[in-house]
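Student: Which chain is which? The protein sequence lines are A and B, in order. Counting in UniProt numbering, the first sequence runs from 1 upward without gaps. Counting in UniProt numbering, the second sequence runs from 1 upward without gaps. Here a beta-carbon is modelled for each residue, glycine too, at the ideal position from N, C-alpha and C. Predicted model, so just to flag it, every value in this text is computed and none were measured.
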Amino acid sequence: MSWLHLMILVPFISALFVPFIYNRFTPKLHIGWIMLLVPLSIFVYLFQFISDISNGFSYLETVPWLPAYDINFTTYIDGLSLVFGLLIAGIGSLVILYSIYYLSKEREALHNFYIYLLLFMGAMLGLVFSDNIYVLYVFWEITSISSFLLIAYWYERERSRYGAQKSMLITIFGGLAMLAGLIMLSLMADTNSIREMVNHASIIFEQSLFIPALILILLGAFTKSAQFPFSIWLPDAMEAPTPISAYLHSATMVKAGIYLVARLTPVFGGSAEWFWIVSSVGLITLLYGSVNAVRQTDLKALLAYSTISQLGLIMCLLGLGSVALFFGQASESAVYAVAIFAAIFHLVNHSTFKGCLFMVIGIIDHETGTRDIRHLGGLMGLMPVSFTLTIIGSFAMAGLPPFNGFLSKEMFFTAVLNASEMTEFKIGWFGAILPFLAWIASVFTFIYCMVLVFRTFRGKVRPGRLDKKVQEAPAGMLISPIILAAFVIIIFFIPNVFAHYLFIPASLGVLPSFAGTGNLDIRISAWHSWLTPELWMTIGVIVLGTLLYLTLRRWVRLYFLYPQVITFNNLYDFGIAITQDVSRWITNRYMTGFIRDYLVYIFTFLVIIVGGGFWLFNGFSFDSSQDAPITFYEVGIVLGMVATALTVLFSNSRLTSIIAVGGLGFLIAFFFVLFQAPDLALTQLVVETITTALFLLCFYHLPKLRKEISRVPFKIGNAIVALAGGAVFTLVALSANGHRVFDSISGYYKDSFPLAGAKNMVNAILVDFRGVDTMLEILVLTIAGMGVYTLIKLRLAGGDKNEGTE
Amino acid sequence: MKEPNDVIIRSVTKVAVVIIFTFAINLFVSGHHQPGGGFIGGLAFTSAILLLFLTFDLETVRSKFPVDFKVVAASGVLIAVLTGAGSMILDMPFLTQAFGHIDLPVFGQTEIATAVLFDVGVALAVIGTGLTIIMSIGDDR
Chain A
1 MSWLHLMILV PFISALFVPF IYNRFTPKLH IGWIMLLVPL SIFVYLFQFI
51 SDISNGFSYL ETVPWLPAYD INFTTYIDGL SLVFGLLIAG IGSLVILYSI
101 YYLSKEREAL HNFYIYLLLF MGAMLGLVFS DNIYVLYVFW EITSISSFLL
151 IAYWYERERS RYGAQKSMLI TIFGGLAMLA GLIMLSLMAD TNSIREMVNH
201 ASIIFEQSLF IPALILILLG AFTKSAQFPF SIWLPDAMEA PTPISAYLHS
251 ATMVKAGIYL VARLTPVFGG SAEWFWIVSS VGLITLLYGS VNAVRQTDLK
301 ALLAYSTISQ LGLIMCLLGL GSVALFFGQA SESAVYAVAI FAAIFHLVNH
351 STFKGCLFMV IGIIDHETGT RDIRHLGGLM GLMPVSFTLT IIGSFAMAGL
401 PPFNGFLSKE MFFTAVLNAS EMTEFKIGWF GAILPFLAWI ASVFTFIYCM
451 VLVFRTFRGK VRPGRLDKKV QEAPAGMLIS PIILAAFVII IFFIPNVFAH
501 YLFIPASLGV LPSFAGTGNL DIRISAWHSW LTPELWMTIG VIVLGTLLYL
551 TLRRWVRLYF LYPQVITFNN LYDFGIAITQ DVSRWITNRY MTGFIRDYLV
601 YIFTFLVIIV GGGFWLFNGF SFDSSQDAPI TFYEVGIVLG MVATALTVLF
651 SNSRLTSIIA VGGLGFLIAF FFVLFQAPDL ALTQLVVETI TTALFLLCFY
701 HLPKLRKEIS RVPFKIGNAI VALAGGAVFT LVALSANGHR VFDSISGYYK
751 DSFPLAGAKN MVNAILVDFR GVDTMLEILV LTIAGMGVYT LIKLRLAGGD
801 KNEGTE
Chain B
1 MKEPNDVIIR SVTKVAVVII FTFAINLFVS GHHQPGGGFI GGLAFTSAIL
51 LLFLTFDLET VRSKFPVDFK VVAASGVLIA VLTGAGSMIL DMPFLTQAFG
101 HIDLPVFGQT EIATAVLFDV GVALAVIGTG LTIIMSIGDD R
């Protein structure tokens, strides 16, 4: 176990301690101060990797987990995962710092908040540093679950629950599709390690599962990264507290999909399908997000749509850049590699300015009590620092100098122009309209950025519409956005330092074949010359964007010409409603409330599946040649068992029945004694004693058996089911001996003493050879126990009111 | 439950419980080499406490035995998982068990196996779950 593994586990372990720390320090200290140490130390730890990684090193550490299944906890750190790791830890620190001032320690359930946040952080770190696809998948789903908890943090609000459910349904649907794709990928590559898959890319490329695996994995990436049309969950997820939104939906979670696409580009990139799907979905998302952002009136919704569009931009760049792998190391591919570089660059830029904007919007919400643009205005004089920060963040997003967004936006235009001249993959008309669409999207981006700044901060203050007296936020709340805004400017002035240490190594993670060729030595400069088309595109964006912003009120009505009924949101709601209706209908058909009916279902099903299966495959075969002779004692015990079974059926009191059932169990224990299985006999005896006592406890509370119940009319259907069930059981038991397809595995366990140091083979099997089984069994047992406890205690605590949900 | 008035069962229980406890511990400790182990040891332990419940009042036993069995169950599972994960810290696959022999003053040559630690988890989970279920049902009125 290396430090790298430990780093991934640290957030999980510290989440375990949160409740104890919380109880200890609650009244005096905001627990966030302690939690801040976790991401901060991770950030410092990761920071020291930068110089090694930029010199071309990478680290691979393995801890065997289930080596028999090639599932190992393998961590891999290269430029790509390092950039993501730094973002997760760095923005995580800032978000926790911000949340200390944002969330009141008196009113909020802070321990839940930080547990969820740490779970999420650990899952994200695990996701980006895992090399084994199954471990990656596990972390992927933990991010889905922990973000569900985070979005539903204010669970008493209906919108929060709705948004959380929506995000979970969509991302887990994608996650399951991705799992199928990953399984296909591991079958094709014959390995579970992404490293080795990259090396086997040419083999994978030729197989028939290539396209299905590609589509399924992209489904996972697109749902997570809120690409069109799965983007509908992101605006609803804004119901979460603002620090969460800043973390999940600008900096980390939605970028998991981007990470996956980038990580698997060496495997799938260079194929026409990957290029077309990734770049066109990205482009559509970019357009859809930016156009829809303009009409939003809620500031957070506006940011949500802008996030969607920016993620589309990054996705589109990754798609365009994947062409570089088509040529291998040829220098002509260097042109397309710019797109990959731009994607990484913009990803980091986006995290800085979007994180800053989210925090500022949170401040506005916190200080004014509203996020509705129609109620805001004129905050410039009242909140000068927030105003400055908003300017920096949104101008960077709009792609204006002197902010980092300008540089990556220019590179985006470069990449788009390069791609439009491409001759591979029959790009044709798409290449012709690609720069135009990208430009249109940029114009809309410009407009919503201006809306964000000027509708909020200029104009008249309308105190009548605000709940609170507006003033600037406390200094502590401003620290985090100020740091991020500082990065926005710093990156603009020294982009090549960042490029050397972070972006180029990260791009090499996406394009490993470029290592050492120098094709990726891209220099970023803010000024090229008057003649570059990128510059004129930017100038065009500013001119047309300003014009359109000034006339926004005249044409914004165009949006409402589109019928509001036909949206993916309504499709989703409709789907949920239909599913609920159908499942309720089906459930009402079979949930009768009578145990008798359920037993009929269970046994009918068993007879059909087991009996039918045996019958279909000619499983009923009897072989009595190896049977031991039946002794006198065994006949006696069987007769006793039959007698107790009949007593259960025909007794008039419950007490007699229960004792008879217990007697049946004790007789079975005698069988084990006869067959020289002391362990089983012991277990059977004690289990029987305890269950009998439990039954007595349960039945103590039931009313006495009444005569009329015992005279149930003879039912032909029940009789058939009972007889068939008994017959099938007997036949299966009898034919068990006739099937010896494989040699017995018991020989292996005979070595229990040399292998496990145990003379008791049964115990060695339980705790050593098959320890995973036992571990999960006691887990199931405990969960069942907790279930019983909750069911009974909740009812006692006045849960009766909840009945009648139907 | 009703106030029981059985002198015989009360007297027998007082003696029997001690014997069952001893037997349960013996079952658990000897489990590595003789019939027994965490599961059965835990169950025997549970049955001893169950006998107390049946003989004396639930409240009486609980006041003499103030343990939250939910916590016992949870810590049992936690112990089992952590001993399994412990091997990963030493760069071994999950749930790798090891054993060795040491010389103890009174017991002589004694075997120490990590599997026994794992078994403690099993026993605690069984005791905790069994008694949680029994107590919640017994408490229900």
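Who are the neighbours of D91 (chain B) on chain A, taking C-beta pairs under 8 Å?
Tutor: Along the second sequence, one-based indexing puts residue 91 (chain B) at 91. Simply M1, V63, P64.
Student: Quick one: any contact between the stretch 396 to 414 of chain A and the stretch 475 to 493 of chain A, if contact means 3 or more CB pairs under 8 Å?
Tutor: yes
Student: Which bits of chain B does P678 (chain A) rub up against, with CB to CB less than 7 Å?
Tutor: By one-based count along the first sequence, residue 678 (chain A) stands at place 678. Within 7 Å Cβ-Cβ: P35.
Student: For L54 (chain B), return the contacting residues in chain A, with the cut-off set at a CB-CB distance below 7 Å.
Tutor: The residue you call residue 54 (chain B) lines up with position 54 of the second sequence. A693, listed in chain order.
Student: Using a Cβ-Cβ distance under 8 Å, would K122 (chain A) count as near chain B?
Tutor: By 1-based counting over the first sequence, the position of residue 122 (chain A) is 122. The sequence shown places Gly at residue 122 (chain A), not Lys. Not one chain B Cβ lies under 8 Å of G122 (chain A).
Student: Examine the Cβ distances between the stretch 377 to 391 of chain A and the stretch 438 to 447 of chain A and report whether three or more of them are shorter than 8 Å.
Tutor: no
Student: Since I61 (chain A) is in the beta strand (DSSP E), which residue starts that stretch and which ends it?
Tutor: Counting from one through the first sequence, the residue named residue 61 (chain A) turns up at place 61. Here residue 61 (chain A) is Glu; the residue named in the question, Ile, does not match the sequence. That run of the beta strand (DSSP E) goes 59 to 66.
Student: So what does A113 (chain B) bridge to, in DSSP terms?
Tutor: Within the second sequence, residue 113 (chain B) is the residue found at index 113, counting from 1. Looking at the DSSP assignment, A113 (chain B) forms a beta bridge with B:F99.
Student: Taking Cβ to Cβ, would you say A339 (chain A) is nearer than 8 Å to A415 (chain A)?
Tutor: Start at 1 with the first residue of the first sequence, and residue 339 (chain A) comes out as number 339. Start at 1 with the first residue of the first sequence, and residue 415 (chain A) comes out as number 415. The answer is yes: Cβ separation under 8 Å.
Student: Please find out if some non-hydrogen atom of the ligand GTP comes closer than 7 Å to the beta-carbon of L125 (chain A).
Tutor: Among the components modelled here there is no ligand, and therefore nothing to report on the ligand GTP.
Student: Flag A756 (chain A) as yes if its beta-carbon sits less than 8 Å from any beta-carbon of chain B, otherwise no.
Tutor: Counting from one through the first sequence, the residue named residue 756 (chain A) turns up at place 756. For A756 (chain A), the nearest CB of chain B lies under 8 Å from its own CB, placing it at the interface with that chain.
Student: Contact between the stretch 367 to 386 of chain A and the stretch 514 to 529 of chain A: three or more CB pairs below 8 Å?
Tutor: Contact annotation: the stretch 367 to 386 of chain A does not touch the stretch 514 to 529 of chain A, with fewer than three C-beta pairs closer than 8 Å.
Student: Please check the pair V61 (chain B) and F53 (chain B), which I expect to be a contact at CB under 8 Å, by giving their CB distance rounded to whole angstroms.
Tutor: As a position in the second sequence, residue 61 (chain B) is number 61, starting the count at 1. As a position in the second sequence, residue 53 (chain B) is number 53, starting the count at 1. That pair is a contact at about 6 Å.
Student: Applying a beta-carbon distance threshold of less than 7 Å, which residues of chain B neighbour K698 (chain A)?
Tutor: On the first sequence, position 698 is the one that residue 698 (chain A) refers to. What sits at residue 698 (chain A) in the sequence shown is Cys, not Lys. Result: I137.
Student: Residues of chain A with CB closer than 7 Å to the CB of V81 (chain B), please, in chain order.
Tutor: Counting from one through the second sequence, the residue named residue 81 (chain B) turns up at place 81. Residues of chain A passing the Cβ test: M775.
Student: Anything in chain B within Cβ reach of T683 (chain A), meaning under 8 Å, just list it in chain order.
Tutor: As a first step, residue 683 (chain A) is located in the first sequence; it is residue number 683 there, counting from the start. Near T683 (chain A) (Cβ distances below 8 Å), the residues of chain B are F39, I40, L43.
Student: Buried or exposed for N132 (chain A), please, with buried defined as at least 16 other CB atoms from any protein chain shown within 10 angstroms of its CB.
Tutor: To locate residue 132 (chain A), count along the first sequence from 1; it is residue 132. The residue is buried, with at least 16 neighbouring Cβ atoms inside 10 Å.
Student: What are the uninterrupted segments assigned as alpha helix (DSSP H) that are 4 or more residues long and contained completely in the stretch 172 to 246 of chain A, given in chain order?
Tutor: 194 to 199, 201 to 205, 210 to 224, 233 to 236, 242 to 246
Student: Kindly indicate the opening and closing residues of the beta strand (DSSP E) around N72 (chain A).
Tutor: Here residue 72 (chain A) is taken as the residue at index 72 of the first sequence, counted from 1. Unbroken beta strand (DSSP E) run through N72 (chain A): 71 to 77.
Student: In angstroms, rounded to a whole number, what distance separates the CA positions of V254 (chain A) and K224 (chain A)?
Tutor: On the first sequence, position 254 is the one that residue 254 (chain A) refers to. On the first sequence, position 224 is the one that residue 224 (chain A) refers to. Each residue's Cα considered, the two are about 6 Å apart.
Student: Using a Cβ-Cβ cut-off of 7 Å (strictly less than) and excluding sequence neighbours within five positions of A89 (chain A), which residues of its own chain qualify?
Tutor: Here residue 89 (chain A) refers to the residue found at position 89 of the first sequence. P39, I42, F43, L46, listed in sequence order.
Student: According to DSSP, simplified to helix, strand and coil, what is D6 (chain B)?
Tutor: On the second sequence, position 6 is the one that residue 6 (chain B) refers to. Collapsing the DSSP output to three states places D6 (chain B) in coil.
Student: Check distances from the C-beta atoms of the stretch 71 to 95 of chain A to those of chain B and list, in chain order, the residues that come in under 9 Å.
Tutor: N72, F73
Student: Looking at N192 (chain A): is its Cβ nearer than 8 Å to the Cβ of D70 (chain A)?
Tutor: Taking the first residue of the first sequence as 1, we reach residue 192 (chain A) at position 192. Taking the first residue of the first sequence as 1, we reach residue 70 (chain A) at position 70. Yes, the Cβ-Cβ distance between N192 (chain A) and D70 (chain A) is below 8 Å.
Student: Whole angstroms are fine: how far does the CA of V510 (chain A) sit from the CA of A262 (chain A)?
Tutor: For this step, residue 262 (chain A) is matched to residue 262 along the first sequence. For this step, residue 510 (chain A) is matched to residue 510 along the first sequence. If you take the alpha carbons of A262 (chain A) and V510 (chain A), they lie about 6 Å apart.
Student: Could one say the Cβ of A48 (chain B) lies closer than 8 Å to chain A's Cβ atoms, at least one of them?
Tutor: Here residue 48 (chain B) is taken as the residue at index 48 of the second sequence, counted from 1. A48 (chain B) does not count as touching chain A.
Student: What in chain A is Cβ-close to D57 (chain B), meaning under 8 Å?
Tutor: Your numbering for residue 57 (chain B) matches position 57 in the second sequence. Result: empty, since nearest Cβ-Cβ is about 14 Å, beyond 8 Å.
Student: Flag this pair as yes or no: are the beta carbons of H32 (chain B) and N760 (chain A) separated by less than 8 Å?
Tutor: Taking the first residue of the second sequence as 1, we reach residue 32 (chain B) at position 32. Taking the first residue of the first sequence as 1, we reach residue 760 (chain A) at position 760. For H32 (chain B) and N760 (chain A), yes; Cβs fall inside 8 Å.
Student: Which chain A residues are close to A74 (chain B), counting only those with a beta carbon under 9 Å from its beta carbon?
Tutor: In the second sequence, the residue the question calls residue 74 (chain B) occupies position 74. Under the 9 Å cutoff, chain A gives T782, M786.
Student: Check D623 (chain A) in the structure and name its three-state DSSP category.
Tutor: Stepping through the first sequence from its first residue, residue 623 (chain A) is reached at position 623. Looking at D623 (chain A) - three-state DSSP - the assignment turns out to be coil, as it is neither helix nor strand.
Student: Can at least three beta-carbon pairs, one atom from the stretch 530 to 547 of chain A and one from the stretch 269 to 289 of chain A, be found at a separation below 8 Å?
Tutor: no
Student: Which of the three DSSP states, helix, strand or coil, is assigned to D372 (chain A)?
Tutor: The sequence position of residue 372 (chain A) within the first sequence is 372, counting from 1. Strand at D372 (chain A).
Student: Would you please verify whether the beta carbon of N192 (chain A) is less than 8 Å from any beta carbon of chain B?
Tutor: The residue labelled residue 192 (chain A) in the question sits at position 192 within the first sequence. With 8 Å as the cut-off, N192 (chain A) does not count as an interface residue toward chain B.
Student: What is the rounded straight-line gap between the Cα of G381 (chain A) and the Cα of S146 (chain A)?
Tutor: Position 381 of the first sequence holds residue 381 (chain A). Position 146 of the first sequence holds residue 146 (chain A). Cα-Cα distance, rounded: 39 Å.
Student: Does S130 (chain A) come out as helix, strand or coil in the three-state DSSP assignment?
Tutor: The residue you call residue 130 (chain A) lines up with position 130 of the first sequence. Strand.
Student: Can you give me the Cβ contacts of Q471 (chain A) inside the same chain, cut-off strictly under 8 Å, excluding the 5 residues immediately before and after it?
Tutor: Along the first sequence, one-based indexing puts residue 471 (chain A) at 471. If we look at Q471 (chain A) and ignore the five residues flanking it on each side, its Cβ neighbours are E367, L382, M383.
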